[in-house]
Structure formats: structure tokens, C-alpha cells
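Residue numbers (the working numbering), protein chains in the order written: chain A, 42 to 594; chain B, -3 to 279.
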């Protein structure tokens, strides 16, 4: 029976209007149908993703409900069917080709057998997670005149209730119906022509969709926004560059705060116990020149603790003050509980691994986990301080790490069973050479050129396992060349990551020994995640322009 | 700022070709440099150049290890400002010159910024072609003869295969860079295979392996990942190997190419060989 016929029969009130059977009132039939549908909807209401489900996500390890899997940011799966013993039989189950070009950075969500993800150019899609077959696909109408700094990338969705949420390259936030991909609401956060954009996966907290803006290379004024998930109404905005009269405003020279940057383009974490959002921020603008913005430049390169209901700041910790090397501190801040200690750990782009007391915002430790030449002293709080001679010069000179950092947006992982923090790292130094540019809205605003020194050591890429209590590196796995892949760790004693050569690799989480690999045919710029359906564990990751899922035979 | 790859990712040639054709149609109305000879624009262009171009073309546009010297009076791919605008906007198919905004490094340039860069290049370029150095005809004899270059390098379809193909090198690299590569081959290894999505190209690294049966093989890496290596030895034999089946695997940035010191190859003879490469590369 086709749909058209079905509808016609419904409105005619019966079997197609043949006249042989007694006619029912069409209106009565509609009412009956309505009651029936309403009943069905209540039956399925449980399938909605409530905030309670996200808070208690450890109760449903078969699902992956946030960018990092849960609110802690640890990208850890308690699934253990794929483990150090069984991983050698892991095999590709399906591949979904997005058809888009450029880097795919997405981290999928999985809810009750349906996988939701994004691709380049602001595409979103839902797949049957058992087979990879699409259920719906949504293409956002991206303006042709946008100039995002680093490709038409998107790192994923948030899900809450019956909707998924995406930030767009032209700085809109949209809500899509999770069952159909239909657009529910679309709000504008800022003017993309001035360099504002979104690439981040939003975070659903209570009834809010929290999202941080991109555009640190354009002289934007950064912010973190929260939108009502039901309506799209903006509930609060936290400007990451304080305006006149606000605390921290004095850390900017003159009017430099108006174009101070400090974007917030990677997904933060949330502590339900204290109702605080921990969200990291990026570089001050211009990214590679400090002249004209004398001062610490708060709250650039800072971890912010914000009240989830109001967006008011409880505390802040600035990693790199007055940054001149583009060292966004936007890496995922991972909540770790060790005994009575409530910590938050971040492997920072500037080459240091920081552990902070998340109740107070006080620094506990800062250890270099890669090649660092910019700092050899600490301030009274123990924070690494930049050497004067690390500033870019006109002739150009070499600083480590380079502008891409020791790590970047690659999602890290923390495994509570091994008590290790896993992060993709690279050793690459750059020559920084000043190139002062006037600010012009929508134009690139770096203030400095930087490029790798070809005659220096070759660039090396690693997966490093760090003990967050001491900052010591327990093991490192060297890649053939630096990778942009994120990391997943599982209760199966494994760490999963990808490489620039296109391999998906499973590594022993305790020893760093590779146990299994699969060639995906394209470099990896995305993090892995895990889910289960009908008792079967899957591990998924994007590479090239496709999404791959693996499981045991 | 988010993630900018430090080495550009050349896009597909087909895509570039389409872009070139499309842009040729679009930009015809705008083929005069609005900032010609404007010193202020040249200064702005210098900074734009540093940010967008210096990686390959050097901080002063004198050419780096990867790109040609743009202060030369004559340029291979452009004869006027309009053509230069096209080249910067759309890249050069078949070379590592990327289209504006596609090199993974930064946001790319506006039309205005491209014109500023052209103004800058015009302000620093030489007004007359440099006097040719060396005897290209003699250089050709040396290349295919006693200097033994062609044992490993191909030029215009003729020569060996274990070293980089050199037909275009005289047009894409500076004279100084070529001389440096001959005198100090390990200082800056040549790029080999570039994969579409991979950040770094494969370099001409030297690989020495001992296979399971004890055979030692030394050659250049054609490609490599954590689990396999594809290599060619000096006799141009290709080996496809799994690393876990090897007894040993060693990689070195000491080039397979011998160091051509002045007593092996005089400055004059080297000038002649470079003159030959430049004469071929200019075509």
C-alpha cells in the first residue's frame, strides 16, 4: 500500500470510498487516529534523552550521549567485549561515506541503536548503527562567503529530548528533530562576516544547549552561549573578554578588548554535583602578536568554571598569559576523581599538562609532556611563565612547541581502571616572524607568520600516557608522523586512536603496545567512540571522508 | 586559532582545473591591480606574504627550499598581474602551489589582500632577468655522463628512478636551493608521495631493513606507516614489507645521495648542471 492511497482512504473515511461498506464519520475517524497516535507517542516518550540519562550515562554504556561520552570529558567506555584478548579479531562492520571533502572531525553520538554525527560543510545525519544505513541527512545552507580558518569542519552534535543540536559555520545554532532531521529552530549568535563561526559540538546541560564560538584569527570578541533547548531562546552569554566595568577588563590595553579573541571552540565538561560548567578558551587576538594588547588578556587561554544556570563565573585559571604563539587552551578539560580529590586535568597546547583542583581553581601541577622551549620559570602559583625572548621577532626565530601546539583539538581520554590520561602529542617547533596587520572586520588577524623550521628535527607524533597525579609520562607510542586523531579508552584495557597514515589502532592501555590495526584509506582528524547494540560492542571513528564501525565477528 | 596544518595539502588536480576554469571566467572583470605601485599596499602585502606564502617562497620572496624565487624578473607561470592573481587564487595544477584558502594554513586571502601581495612582489622583484650562470649544454652532458646524476634522477623522461624526478626542479626551486641539495643532500630531504588527506608528504628517507630470512635491503622509502613500508633499492627493485616480519627496521635522514663535494664536482661543473636544470625547468 502506498502512502498516498493510505492518506486518501483515511480522509475519505474508509476503504477507498467504494460505497459497499457503511461509511464512518471522517471526523470521528480522525479523532480516533489522533488518540491512537498520542497513545503511541506516550509509549515511546521513554526513548527521549533526558538530562537525567546524560547525568547517569554510566547506567547505559551501550549509548554515547555527549561529545566525550559523558559529562566528565574522559572519553571512556565501560564496554569490555573488545579487550586485550579479543581485539585481534576486531573487524570492520560498515563504512558510511559522507561524500564531503576536507577534514572530518566528528565524534558521533549513539542513542538506542541510532548513530548521529556530522560531516564537513555542516551536514548532519542519522544512521542505523548496526548497518551504517542512513535514516536521514540534513545539509545546512552554508553561505558561500564564509572563510573559516581551518576548513569547513564540525566536531559533532549534542542531543537532548527529541532533538539534536548543531553549531554552524556561519555562527547559528540549530535544532533538528532527532527522528527526521527536520529543522526545528535556527538562531543567529553573531555575524559570520566579522569572523564568528561554530565548529564545536555543543553540550546539553539541564534544559540548555551550551556552545562556544570560533574565530580567534579574526579579532572577534569571544563568548560562550546557552540556549533554551526547546525554543532556541538565548538564556545567557558569557563574554570571554570582559567589557568595561567587568573584572579582568583591566588586563587589556586600550580598546584591544573589543577585538580580543578568546574563542571557545571545543566542548567543555559539566559537574552535576556543583552545577558548574568547565569550558576552556582560546588565543587572544591577534594570535601571534602581543603589541597593542599589553596585559594578561583575560580570559583568553583560560579554564572557566561557570554556573550552569546563569553563566556567572565562579573561578578561572589562565594557562598562558598574554599569549603570542596561538596556544589556544581549548583542549577538553577532563574531570578526574582521585580519592577525596576532585580534579580537572588538561593536556594544553602550550606543552604543559595541568592538574587543577576543580573546587577552587587552584593549580596542583604543571608538567611538560612534550618539547617546550618557551618557559623555564614558574610564577608564585607554579604556573609556567613565558621567557621574554620567546616573543616573535621580525627576522623570525624558533619556539617549541610550534603554533599547532603539543596537542590541539584532538580529544584526550582518561581510563579510571589504569588511572592514566591518554593524549595525542607532537614535537614540532615553528619559526615565528612578526607581520603586523591592522584590524579589519572579517579579515585574518594573526600579527605574525609562523612555519615549521625545515632544518630542525623532523616532526614527531605520539600517543602519550600520563599519570595525572604526578604528571609523569608512563609510556609513549610513536606514530610514523604526527596525527590529529583523538583517543578513546575502554574497560577492555585498550586505547584506540588513528593516525595520519589512515590506520585505526588498538593499543594496550597499560603498556602502550599496539595489538591490532586496520587501514582506513584516509588520514584521521577525529576521535573514536564506542557503543553497543543487542549485546555487541562497536567502536567507531571517522577517517578520510567516511565513518567506520568495527566489532568482533 | 584552530588547527592549521603546517604543510599544505594539495587538492585534487581535477578540482583545481575546474577552479582555474571557473575563476578565469569570474575574474576577468577584475584583472587590474588596484594598488599597483602603492607603497602602503606593498607593505601590507609584505605581511600577508609572510603569513601566506613565506613557508615555501621564503620570508623575503627569495624562494625557500620548496618554492621558486619570486624576485626573479621572469616567472614561469605568470606574465602579468592578472595571471599572478589567478595563480594565487587557484593554485597551479600539478605542482604543490595550492589554491588560496586550501592549504590548511590560515584563512586564505581576500581579493584585496591578493592584490596587496602582488604589489609587494612587484616591489621586490628584479627589473631585468638575471644573467644566466653556467653552460646548460655542458651541464646536460655532465648530468647524463660523468657526474652520474641520471643514474638515480629522471629529467624529461630519461634517467634513473630511485631519486626524485627533476624535470620541474629548475623552475620551482632557486639556484641556491638546488646547489645546496647537491652539496648537502641530507640537509633538506626531498618530498616524495603526497597523499590527499595526510598532513606531511613522504620524504626521501633512507631505510635499511633485515628481512626474516636475514637479507639486508637498503633503499629509499616510497611510503611508510606504522605497520608496513614500501621501498626501492638502488637497483630500482620495489619491496613491499610488513614491519612485524622484519628482523630489523632502521630509518635514517642521511640521504642515499652521495655528498657532491667541490673536489668531486667543481663549482663550475655544478653551475653547468644547475643551468641545464633551469633551462629544462623553465619550459
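All residues carry an ideal CB built from backbone N, CA and C; glycine is no exception.
Worksheet item: What three-state label does DSSP hand residue 30 (chain B) in the structure shown?
Response: On the second chain, residue 30 (chain B) is found 34 positions in, with the first residue counted as 1. In the structure shown, residue 30 (chain B) falls within a coil segment according to DSSP collapsed to helix, strand and coil.
Worksheet item: Interface residues of chain B around residue 162 (chain A) at Cβ under 7 angstroms?
Response: In the first chain, residue 162 (chain A) corresponds to position 121, counting from 1. Residues of chain B passing the Cβ test: none, with the nearest at roughly 14 angstroms.
Practice prompt. Have a look at residue 19 (chain B) and residue 123 (chain B) and give me their C-alpha separation to the nearest angstrom.
Written response: Your numbering for residue 19 (chain B) matches position 23 in the second chain. Your numbering for residue 123 (chain B) matches position 127 in the second chain. With a pLDDT of 43 at residue 19 (chain B), under the threshold of 50, the predicted position of this residue should be treated as unreliable, and no value is reported.
Worksheet entry | residue 212 (chain B) - partner residues in DSSP beta bridges | Here residue 212 (chain B) is taken as the residue at index 216 of the second chain, counted from 1. DSSP output for residue 212 (chain B) lists B:206 as bridge partner(s).
Worksheet item: Taking just the CA atoms, how far does residue 175 (chain A) sit from residue 138 (chain A)?
Response: In the first chain, counting from the first residue as 1, residue 138 (chain A) sits at position 97. In the first chain, counting from the first residue as 1, residue 175 (chain A) sits at position 134. Spanning the two alpha carbons is a distance of roughly 10 angstroms.
Item to complete: Could you check which residue in A:256, A:572, A:590 has the C-alpha nearest to that of residue 111 (chain A)?
Response: Within the first chain, residue 111 (chain A) is the residue found at index 70, counting from 1. Selected option, being the one with the closest Cα: A:572.
Item to complete: Report the residue ranges of all beta strand (DSSP E) runs contained in full by the segment 177 to 242 of chain A; include only those spanning at least 3 residues, in chain order.
Response: 199 to 201, 204 to 208, 213 to 218, 224 to 229
Item to complete: Taking only runs that begin and end inside the segment 357 to 424 of chain A, name each unbroken beta strand (DSSP E) of 3 or more residues, in chain order.
Response: Considered as a whole, the segment 357 to 424 of chain A harbours 375 to 379, 382 to 388, 393 to 398, 404 to 409, 416 to 419 as its complete beta strand (DSSP E) runs of no fewer than 3 residues, in chain order.
Worksheet item: Is the beta carbon of residue 167 (chain A) less than 8 angstroms from the beta carbon of residue 181 (chain A)?
Response: In the first chain, residue 167 (chain A) corresponds to position 126, counting from 1. In the first chain, residue 181 (chain A) corresponds to position 140, counting from 1. No, the pair does not count as a contact, with Cβ atoms beyond the cut-off.
Fill in: Boundaries of the alpha helix (DSSP H) in which residue 77 (chain B) is found, first to last residue
Along the second chain, one-based indexing puts residue 77 (chain B) at 81. Residues 77 to 86.
Worksheet item: Looking at residue 115 (chain A) and residue 464 (chain A), is the spacing between their C-beta atoms short of 8 angstroms?
Response: Counting from one through the first chain, the residue named residue 464 (chain A) turns up at place 423. Counting from one through the first chain, the residue named residue 115 (chain A) turns up at place 74. The Cβ atoms of residue 464 (chain A) and residue 115 (chain A) do not sit closer than 8 angstroms to each other.
Worksheet item: If you drop the 5 nearest sequence neighbours on each side, which residues of the same chain put their C-beta closer than 7 angstroms to that of residue 348 (chain A)?
Response: Taking the first chain and counting its residues from 1, the one referred to as residue 348 (chain A) is at position 307. In the same chain as residue 348 (chain A), and ignoring 5 residues on each side of it, the C-beta atoms closer than 7 angstroms to its own belong to 316, 317, 355, in chain order.
Item to complete: At 3 residues or longer, and completely inside the segment 244 to 288 of chain A: list those beta strand (DSSP E) runs for me, N to C.
Response: 244 to 246, 249 to 253, 264 to 269, 275 to 280
Worksheet item: Can you tell which of A:159, A:130, A:99, A:177 has its C-alpha closest to the C-alpha of residue 583 (chain A)?
Response: By one-based count along the first chain, residue 583 (chain A) stands at place 542. Considering only alpha carbons, the answer is A:159.
Worksheet item: Using a C-beta to C-beta distance shorter than 7 angstroms, which residues of chain A count as neighbours of residue 104 (chain B)?
Response: Taking the second chain and counting its residues from 1, one reaches residue 104 (chain B) at position 108. What residue 104 (chain B) touches in chain A: 188.
Worksheet item: Between residue 221 (chain B) and chain A, is there a C-beta pair that is closer than 8 angstroms?
Response: As a first step, residue 221 (chain B) must be located in the second chain, where it is residue number 225. Yes, residue 221 (chain B) lies at the interface with chain A (some Cβ there is under 8 angstroms from its Cβ).
Item to complete: Mind reading off the beta-carbon distance from residue 579 (chain A) to residue 170 (chain A)? Whole number of angstroms is fine, and I expect it under 8 angstroms.
Response: Residue mapping note: residue 579 (chain A) aligns to position 538 of the first chain, counting from 1. Residue mapping note: residue 170 (chain A) aligns to position 129 of the first chain, counting from 1. Contact holds; Cβ gap of about 7 angstroms.
Discussion item. Please list, in chain order, the chain B residues whose beta carbon lies closer than 8 angstroms to that of residue 456 (chain A).
Written reply: As a working mapping, residue 456 (chain A) is identified with position 415 in the first chain. Neighbours of residue 456 (chain A) on chain B: none; closest Cβ ~22 angstroms, over 8 angstroms.
Practice prompt. Would you identify the three-state DSSP class for residue 165 (chain A), choosing helix, strand or coil?
Written response: If you number the first chain from 1, residue 165 (chain A) lands on position 124. Strand at residue 165 (chain A).
Item to complete: On the DSSP bridge assignment, give the partners of residue 510 (chain A) in chain order.
Response: What you label residue 510 (chain A) is simply residue 469 of the first chain in a count that begins at 1. None, per the DSSP bridge assignment.
Practice prompt. List the residues that DSSP assigns as beta-bridge partners of residue 224 (chain B).
Written response: Within the second chain, numbered from 1, the residue matching residue 224 (chain B) stands at position 228. Answer by DSSP bridge pairing, in chain order: B:238.
Worksheet item: What span of residues does the alpha helix (DSSP H) with residue 50 (chain B) cover, start to end?
Response: The residue labelled residue 50 (chain B) in the question sits at position 54 within the second chain. Judged by DSSP secondary structure, residue 50 (chain B) falls within the alpha helix (DSSP H) whose first and last residues are 50 to 53.
Discussion item. Once the 5 residues before and after residue 265 (chain A) are set aside, which same chain residues still bring their CB inside 6 angstroms of it?
Written reply: One-based indexing of the first chain puts residue 265 (chain A) at position 224. Cβ contact annotation for residue 265 (chain A) (same chain, cutoff 6 angstroms, sequence separation greater than five): 253, 279, 305, 320, in chain order.
Worksheet item: So with Cβ pairs under 8 angstroms, would you call residue 311 (chain A) a contact of chain B?
Response: Locating residue 311 (chain A) in the first chain gives position 270, counting from the first residue. Interface with chain B (8 angstroms Cβ-Cβ cutoff): residue 311 (chain A) is excluded.
Discussion item. Quick check on the burial criterion: 16 or more other C-beta atoms within 10 angstroms. Buried or exposed for residue 474 (chain A)?
Written reply: Here residue 474 (chain A) refers to the residue found at position 433 of the first chain. Buried, since its Cβ has 16 or more Cβ neighbours within 10 Å.
Discussion item. Could you compute how far the alpha carbon of residue 171 (chain B) sits from the alpha carbon of residue 270 (chain B)?
Written reply: The residue given as residue 171 (chain B) occupies position 175 in the second chain. The residue given as residue 270 (chain B) occupies position 274 in the second chain. Their Cα atoms are separated by approximately 7 angstroms.
Worksheet item: In three-state terms, what does DSSP make of residue 501 (chain A)?
Response: Here the question's residue 501 (chain A) lines up with position 460 in the first chain. If DSSP states are grouped into helix, strand and coil, residue 501 (chain A) belongs with the strands.
Discussion item. Using the Cβ count rule (16 or more neighbours within 10 Å means buried), how would you classify residue 77 (chain A)?
Written reply: On the first chain, residue 77 (chain A) is found 36 positions in, with the first residue counted as 1. It counts as exposed.
Fill in: Residue(s) in a DSSP beta bridge with residue 337 (chain A)
Position 296 of the first chain, counted from the start, is the residue given in the question as residue 337 (chain A). Residue 337 (chain A) is not bridged to any residue.
Item to complete: Kindly list, in the order they appear in chain A, the residues whose Cβ is closer than 8 angstroms to that of residue 195 (chain B).
Response: Counted from its first residue, the second chain places residue 195 (chain B) at position 199. Chain A residues near residue 195 (chain B): 522, 523, 525, 541, 564.
Fill in: Listed by chain order, chain B residues near residue 484 (chain A) by CB distance under 8 angstroms
Taking the first chain and counting its residues from 1, one reaches residue 484 (chain A) at position 443. The answer, in chain order, is 106, 109.
Worksheet item: Which of the three DSSP states, helix, strand or coil, is assigned to residue 112 (chain B)?
Response: Along the second chain, one-based indexing puts residue 112 (chain B) at 116. Of the three classes helix, strand and coil, the one that applies to residue 112 (chain B) here is helix, per DSSP.
Worksheet entry | Start-to-end residues for the beta strand (DSSP E) that takes in residue 166 (chain B) | Along the second chain, one-based indexing puts residue 166 (chain B) at 170. Element bounds for residue 166 (chain B): not the beta strand (DSSP E) but the alpha helix (DSSP H), 165 to 168.
Worksheet entry | Where residue 558 (chain A) meets chain B, residues with beta-carbon distance less than 8 angstroms | One-based indexing of the first chain puts residue 558 (chain A) at position 517. Under the 8 angstroms cutoff, chain B gives 222, 223.
Discussion item. Please tell me whether residue 492 (chain A) has its Cβ less than 8 angstroms away from any Cβ of chain B.
Written reply: Looking up residue 492 (chain A) in the first chain gives position 451. So yes, residue 492 (chain A) belongs to the interface.
Worksheet item: Is the CB of residue 478 (chain A) under 8 angstroms away from at least one CB in chain B?
Response: For this step, residue 478 (chain A) is matched to residue 437 along the first chain. Chain B contact via Cβ: present.
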